[in-house]
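K.L.:
Supplied in structure tokens, the structure appears directly below.
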Amino acid sequence: MSSPTNLQLSLDNFELIEGIYFPSDYAQLNKTQHKQTWDKIGKTYYGSQKIDTVEETSPIKKDYTLLTGKPGGTWNKFPLNRSVDSILELGCGYGRAPLHLSKNKNLQCQKYYGIDISQPLLERLIKVKQEYDFFPGAEFFVICTSAEILPLQDDSIDLVISNCVFMHIPDAQLRKLMAEIARVLKPGGMFVFNHSFHNKACPSHIIHNFIRKLNPVSRNPVYLKQYSGAEIEQMLADAGIKNKCLEYVVEPTTEYAILPETIKGIPVPFSKAINSSLKPSEAQKANLAYGFSAYSTPLV
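So in this note's numbering, spot 99 of the sequence shown is number 99, and the numbers just go up one at a time.
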């Protein structure tokens, strides 16, 4: 799928400032509520700011897992010792997933493109790269922009990865992004979207949606949108991803929930213990799973 010629397909019109590429309309992007929200979140996201302040003798400096933990889910299935030319990460944050893949799975690449809307998170990704040197020897292109249009050429990326990001993107924009992924992915390319879609059948989401709808003034429509496995498969097919990846899997995550753990920021008593105790049968998993992952097969 080719993009119209007026779309920006390279970084030529981006300005490189202290290791980050910024689009020419960055001032306009800065005015959006979505970016302002994620810039605020990014300053303390999952405690990642610790890397900015700890002393040189801190154990965190030597053991990345003390900062990031070890991502699970589909990443556990990722094979060892693979090498690709180019990786694109959508919603790269401070680099948690690529750091794990580089250090724990020995994934190697020649070029890494990391896109995120949060400038504080990208600044921290650069710091994390300096501290732990993930993907050693690779060219790094760290890009601060919305992911609706990818500033990359057609058929230029071997592997697209994303972790827990797509549930934060409105449906129409997400569908455009999927078409963009299909455009930039090389024929025979690969993708891993770990824990990326909320499950519309999950009781926790159903309860949360009902409560959110009671307050139409402050509700966020992004969090009212979830998908079934069949709908995700159809979205990927409509985007043209099947033209690049002949085989892929959409599967429930292994986190299950019947109760929201918080409502309007208030903890729901015993919900975390109840959810973590769930042991659904195979037939129940698609209904109780918190979300879905999708990935090309075989993995890399």
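Yeah, the Cβ is synthetic: ideal placement off N, Cα and C, and Gly gets one too.
Note that this is a predicted model, so its numbers are computed, not measured.
1. What are the boundary residues of the alpha helix (DSSP H) that includes residue 203?
2. Count the other C-beta atoms from every protein chain shown that fall within 10 angstroms of the C-beta of residue 150, then say buried if there are 16 or more, exposed otherwise.
3. I need the DSSP call for residue 189, collapsed to helix, strand or coil.
4. Evaluate contact between the stretch 121-132 and the stretch 43-59, counting only Cβ atoms and requiring at least three cross-stretch pairs below 8 Å.
5. Could you have a look at residue 231 and say whether DSSP puts it in helix, strand or coil?
6. Would you be able to state if there are at least three C-beta pairs under 8 Å between the stretch 85-95 and the stretch 109-121?
7. Using three-state DSSP, classify residue 240 as helix, strand or coil.
8. Identify, in the order they occur along the chain, each residue of the same chain with its Cβ nearer than 6 Å to the Cβ of residue 17, setting aside the five sequence neighbours on each side.
9. Report the rounded CA-to-CA distance for residue 120 versus residue 193, giving the unit in angstroms.
10. Look at residue 195 and residue 164 and say whether their C-beta atoms are less than 8 Å apart.
11. When the Cα atoms are used, what is the spatial distance from residue 122 to residue 61?
12. Select from 103, 238, 180 the residue whose C-alpha is nearest the C-alpha of residue 147.
13. CA-CA distance, residue 30 and residue 299?
14. At a threshold of 7 Å, does residue 144 count as lining the ligand ZN (C-beta to nearest heavy atom)?
15. Evaluate residue 158 with the Cβ neighbour count: other Cβ atoms within 10 Å of its Cβ, from every protein chain shown; 16 or more gives buried, anything less gives exposed.
16. Do the CB positions of residue 99 and residue 68 come within less than 8 Å of each other?
17. Are there 16 or more other CB atoms within 10 angstroms of the CB of residue 1, so buried, or fewer, so exposed?
18. Looking only at its own chain, which residues have a Cβ that is under 8 Å from the Cβ of residue 6, when we skip the five neighbours before and after it?
19. Which residues in the same chain as residue 77 place their Cβ atom closer than 7 Å to its Cβ, once the five residues preceding and following it in sequence are excluded?
P.N.:
Considering the structure as presented:
1. Here residue 203 corresponds to residue number 203 of the sequence shown, with the count starting at 1. Where residue 203 is concerned, the enclosing alpha helix (DSSP H) stretches over 203-213.
2. If you number the sequence shown from 1, residue 150 lands on position 150. Per the 10 Å Cβ criterion, buried.
3. Numbered from 1 along the sequence shown, position 189 holds the residue referred to as residue 189. When DSSP states are grouped into helix, strand and coil, residue 189 belongs to the strand group.
4. Verdict: yes, contact present.
5. Looking up residue 231 in the sequence shown gives position 231. DSSP places residue 231 in the helix class (H, G or I) of the three-state scheme.
6. With three or more CB-CB distances shorter than 8 Å, the stretch 109-121 counts as touching the stretch 85-95.
7. Here residue 240 corresponds to residue number 240 of the sequence shown, with the count starting at 1. In the structure shown, residue 240 sits in coil (DSSP, three-state: anything other than H, G, I, E or B).
8. Stepping through the sequence shown from its first residue, residue 17 is reached at position 17. If we look at residue 17 and ignore the five residues flanking it on each side, it has no Cβ neighbours.
9. Numbered from 1 along the sequence shown, position 120 holds the residue referred to as residue 120. Numbered from 1 along the sequence shown, position 193 holds the residue referred to as residue 193. Between the alpha carbons of residue 120 and residue 193 lies a gap of roughly 23 Å.
10. As a position in the sequence shown, residue 195 is number 195, starting the count at 1. As a position in the sequence shown, residue 164 is number 164, starting the count at 1. Residue 164 sits close to residue 195, with the two beta carbons spaced by under 8 Å.
11. Counting from 1 along the sequence shown, the entry for residue 122 is found at position 122. Counting from 1 along the sequence shown, the entry for residue 61 is found at position 61. Cα to Cα, the separation comes out at about 19 Å.
12. Taking the first residue of the sequence shown as 1, we reach residue 147 at position 147. Comparing Cα positions, the closest option is 180.
13. Against the sequence shown, residue 30 aligns to sequence position 30. Against the sequence shown, residue 299 aligns to sequence position 299. Cα-Cα distance, rounded: 37 Å.
14. Only the bare structure without any ligand can be found here, which leaves the ligand ZN out of the picture.
15. One-based indexing of the sequence shown puts residue 158 at position 158. By the neighbour-count rule (16 or more Cβ atoms within 10 Å), residue 158 is buried.
16. In the sequence shown, the residue the question calls residue 99 occupies position 99. In the sequence shown, the residue the question calls residue 68 occupies position 68. Taking 8 Å as the cut-off, the beta carbon of residue 99 is found closer than this to the beta carbon of residue 68.
17. On the sequence shown, position 1 is the one that residue 1 refers to. Only weak support is given to the placement of residue 1: the predicted model assigns it a pLDDT of 32, under 50, and the value that follows is read from those uncertain coordinates. Exposed.
18. In the sequence shown, counting from the first residue as 1, residue 6 sits at position 6. Residue placement at residue 6 is poorly supported in this model, since its pLDDT is 37, which falls under 50; the coordinates still yield a value, given next. Cβ within range, chain order: n/a, list empty.
19. Translated into positions along the sequence shown, residue 77 becomes position 77. 299, listed in sequence order.
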